Amino acid sequence: MKHLKMEVILLKSFNNQEKQQIIFNAYSNPKYKLDIKKNIGISEHSTVCVDEIELYLKFENDRLIDAKYYATGCAIFISSIEIMIEETLNKTKDQINLIIENYFKLINQKENLETCVNLGKLEVFENIKVHLNRLECASIIYRAYKKGLNG
Numbered sequence: 003m004k005h006l007k008m009e010v011i012l013l014k015s016f017n018n019q020e021k022q023q024i025i026f027n028a029y030s031n032p033k034y035k036l037d038i039k040k041n042i043g044i045s046e047h048s049t050v051c052v053d054e055i056e057l058y059l060k061f062e063n064d065r066l067i068d069a070k071y072y073a074t075g076c077a078i079f080i081s082s083i084e085i086m087i088e089e090t091l092n093k094t095k096d097q098i099n100l101i102i103e104n105y106f107k108l109i110n111q112k113e114n115l116e117t118c119v120n121l122g123k124l125e126v127f128e129n130i131k132v133h134l135n136r137l138e139c140a141s142i143i144y145r146a147y148k149k150g151l152n153g
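Following our numbering from start to finish, the sequence shown increments by one per residue and tops out at 153.
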């Protein structure tokens, strides 16, 4: 396995008000969302609600240089997409894989926050498992990225 140069640090936990603000801002002011579905991206959807995404990832020299999506869904779902794109742009596929795997562990509470690679704003989803109905919403972007990296 390649040695990845990713910073492992003691992570900062956001307080509840900061988490709400980050999620609300990502949902209310999407930077990467397309207005029209193009039917050429990675499709993923919820098994329990209307959340649905078509994700477009553009890699150049193994680095994510652009990402866009078309999606419909709730605030947790849309904000998880926005924040994931923000945290993975300009990263290599190996770095992105490490980020998404740590994100999945984080939202499923399989890892202590202190042991995860720096996830940046994705840390706002650390307690999402407390709301089991929202865990699926936050997991969809993980599955879409897995398809994009492996497909």
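Even glycine gets a Cβ: it sits at the ideal position worked out from N, Cα and C. These numbers were taken from a predicted model, which means no experiment stands behind them.
Item: Contact under 8 Å by Cβ, L151 with K95; Value: yes
Item: Residue from S48, A146, E88, K70 whose Cα sits closest to the Cα of C76; Value: S48
Item: Check whether A146 and I42 have beta carbons under 8 Å apart; Value: no
Item: Start and end residues, alpha helix (DSSP H) containing D96; Value: 95 to 109
Item: Cut-off 6 Å between Cβ atoms - residues of its own chain near I85, not counting five sequence neighbours on either side; Value: A28, K123, L124
Item: Distance between beta carbons of I78 and L136, contact taken as under 8 Å; Value: The amino acid at residue 136 is misidentified as Leu; the sequence shows Arg. Indeed, because the Cβ distance is near 5 Å, the residues count as touching under 8 Å.
Item: Pairwise C-alpha distance: E46 and I1; Value: Missing from the structure shown is residue 1; the chain here goes from 3 to 153 and no further.
Item: Alpha helix (DSSP H) segment containing K2, residue limits; Value: The structure shown does not extend to residue 2, since the chain spans only 3 to 153, so no value can be given for it.
Item: F61 (DSSP reduced to helix, strand or coil); Value: strand
Item: Check whether S82 and F16 have beta carbons under 8 Å apart; Value: no
Item: Best match in N92, K93, T74, C139 for proximity to F106 [C-alpha to C-alpha]; Value: C139
Item: Bridge partners - S45, DSSP secondary structure assignment; Value: E56
Item: Alpha carbon of Y72 to alpha carbon of T90, nearest angstrom; Value: 18 Å
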